Every structure is written in C-alpha cells, then in structure tokens.
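A quick write-up on the structure given underneath.
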Ligand SMILES: Cc1ncc(COP(=O)(O)O)c(C=O)c1O
C-alpha cells in the first residue's frame, strides 16, 4: 500500500520512470535491488525495520511496484497480486458478502465471468451480465427492485474482445446513485491511455500480465483505489489470503511499466494503421477499433482515452472457417492467448481466451479474431495479415 500524492504533479513518463524507484542508499545502485528475503530480522521482539516483518505482508520490491502503479493510475493505494484474477478475487472478497450482486458487462473477459459465476456464485455472490454501453439498461439492472442489492458494477472499456466503449463517468453516477461501487478493468487501455479513478470509478483492476508488464514474461494483477477504508479492506484480504506477487514478478513488472508510455504510443500508431488497412478488404465484415471514425464508441473514446490503443477485433464474412483460417495463417502474429506484449499476437477468442463462456450469453462471435498489435514495423505486420487474408 502506498501514498503517492506528491508524485501526481509530474508527467506520466516521469512518474513511470521514477515513482517508487529511489536509488539504493548504501551503494547508490540506480535500480532498486530485488529483495527475495521471505522474512526480516527484528531488533528485539516487535522491533521492525521500516515495518517489514514477513514477505506475504510486505516486500520492498512489491512496495516499489505498488507505489509506481498508484502514481500512474492517479490513485492513493495500489496492491499487486499474483495474477489479474487473484486481484479480482481479492477485491470481491474484500467488499462483497453472500447475497450481494455484481452487475457486469456481458462481454467481460471470460475468466472474470468464470470467477464470479462459477467460483463465487456457490458462495452466494450473484451476477447480472448486461450490455454496459446501454446506460438506461444498466440503470435499471443496478437498481432492480426485488433483487438483492448490486454491490459492484463491473466494466471493461474497451471491452474484450468486442471493443465496446462505455462512459465511465456516467456509469460512476449510476453506480453511486444505487449505493454500488464502480470497478473498471483497465487492462486493455493501460494507465497511459485511461485513468478511471479520475472519471469517478472507485476501483481500477489490471491484469498486469498485459500492457503493464508489456513483454509477455510475467503474470500479475493489481488493484488501485483512492478510498482509505476500501484500501484497508483490500490490504487485509491481500495479507490474510496471500495471493501476493512474488519479488521477481514485481521486479519484472516494474521494469516493464517504466516504458509503458513509449510502448503505448507505438502500439496505438501501429493499430491505427492496421485498422485503417483492414477496413473494406474483401472477406472482412467488420473491423472493431475505437480509433476508426465510424466505431460507435469513437467520440467517447476520444474523450476519455488519451489514444485508442493496440487491440483490434476483426469479423469475417466467411464465418468461423474464415476466422480460423486467418488465425492459423499468420507468421509474425503468433497464435497465442494474452495480449499487450511488444510482440504481435493473434487470438481466436471463441475457442481460446473466451472458451469458458462458449454457449452462455457472454459467448463471442465465431467469425471473430482478436489482434494484439505489437511494436514491430507496421508495414511488416500488414504484409503478414495480407498474406493470411489473401488465402481466403
Ligand atoms: C481484460 C482482462 N482482465 C483480467 C484478466 C485476467 O488476468 P490474469 O490472466 O493476469 O489473471 C485478463 C486476462 O486475459 C484480461 O484480458
């Protein structure tokens, strides 16, 4: 848990490089050391040095990451977990009780829905999946008479993989009117492109596995909040349940996070070029990218995001067969789960990332592929897509 009010004055990239990254006082090592120790010597019983007692409760490398995350999301408190889903689970345990309801986007990440529905459902947590971009529907779902109270409103924007954009400020108002908290999964945008707390959200969730880590070499998750009471509850669950990130993972995540701004600019440049190239090509039914002027969320995205990001979804007129063929025909785009790394990845959500929601109301169209556009040369990525699509 970290307090970072003083770092909020500087620019994003300055905070990315410096927040939580003070040099080591004994040697002057510019990169703070990686602390592997699981326990800390006490100067007499209870005589803790800087509050460190045991690795599950606190670790300087994890603290450095938490400070950096808080500074970049513009929050007062950040918590680093072993994965994005561990962070989500920690949050729900911290704030929900049996009988509480979570109103969530009907195109939420499949693993989020699986956690809420199949793991937490049997413990008494209810859920209502809904189209978050239709605000009237959200208002009535959140305040639905006769149902148990909505404790959390949970949204991804841009959503995964349909790239829907939801008005965070409007949703915060709807949630707060009903006495619920607004949770924004900011994984797709990253803190460089969007800061939900500044728009009224109560909690930001990240799979730091994605853009924050940025190099597809570490799994992690985070929660960022402003409210002190909420932070106390999350901190207690993080400590008592123990799904913390390990020191090596925290170190790698911090290293990746230092270059987030530079990477997101490049991801956004490349994705914009690729999306524009894809539009209108034979065999393509729809290109879902908020940077395209005719995307239904384009204006809203321009308002609440700094740029449009590196994720594109594409639907094919040739249906499932065409989507599968393209997914299996690229060379630079690697067919793999996950997103947000410097290398371009191709995903067939219906059978891969969102396989767990197949056959439910959260199922993803079978003619859709999802691209995580990396930082390679855009011309090479376009040439790769061209050769794959021309096989249709
Ligand atoms: C939007 C989103 N949220 C949460 C998660 C879960 O994160 P993790 O895989 O780090 O547990 C993912 C993973 O793909 C994701 O895409």
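Numbering (my numbering), first residue to last: -14 to 377. Note that CB positions come from ideal geometry on N, CA and C, so glycine has one too. For clarity, every value in this text was computed on a predicted model and none was experimentally measured.
#### Entry: residue 297 versus residue 62 - alpha carbon distance
31 Å
### Message
Can you list, in chain order, the residues of its chain with a C-beta nearer than 7 Å to that of residue 285? Leave out the 5 residues immediately preceding and following it.
### Response
150 and 152
### Query
Is the Cβ-Cβ distance between residue 266 and residue 374 less than 9 Å?
yes
### Task
Using three-state DSSP, classify residue 27 as helix, strand or coil.
coil
### Task
Tell me whether the beta-carbon of residue 220 lies closer than 9 Å to the beta-carbon of residue 295.
no
### Query
Less than 9 Å separating the beta-carbons of residue 168 and residue 140?
yes
### Query
Going by alpha carbons, who is nearest to residue 378 out of 134, 35, 37 and 179?
For residue 378 there is no data in the structure shown, the boundaries of the chain being -14 and 377.
### Task
Give a yes or no on whether the C-beta atoms belonging to residue 302 and residue 269 are separated by under 9 Å.
yes
### Message
With DSSP as the reference, identify every bridge partner of residue 39, one or two as the case may be.
### Response
24
### Task
Flag residue 192 as yes when its Cβ comes closer than 8 Å to any non-hydrogen atom of ligand 1, and as no otherwise.
yes
#### Entry: Assigned secondary structure, residue 291 (DSSP; H/G/I helix, E/B strand, else coil)
coil
### Query
What did DSSP end up calling residue 163 once you bin it into helix, strand or coil?
coil
### Query
Rounded to whole angstroms, how far is the Cβ of residue 353 from the Cβ of residue 300, which I believe are closer than 8 Å?
5 Å
### Task
Counting only runs of 3+ residues fully inside the segment 167 to 201, write out the beta strand (DSSP E) ranges in chain order.
188 to 192
### Query
Nearest-angstrom Cα distance between residue 22 and residue 172?
30 Å
### Message
At the level of alpha carbons, what is the spacing between residue 241 and residue 124?
### Response
38 Å
### Query
Can you tell which of 24, 248 and 194 has its C-alpha closest to the C-alpha of residue 72?
194
### C-alpha distance - residue 377 paired with residue 313, whole-angstrom precision
12 Å
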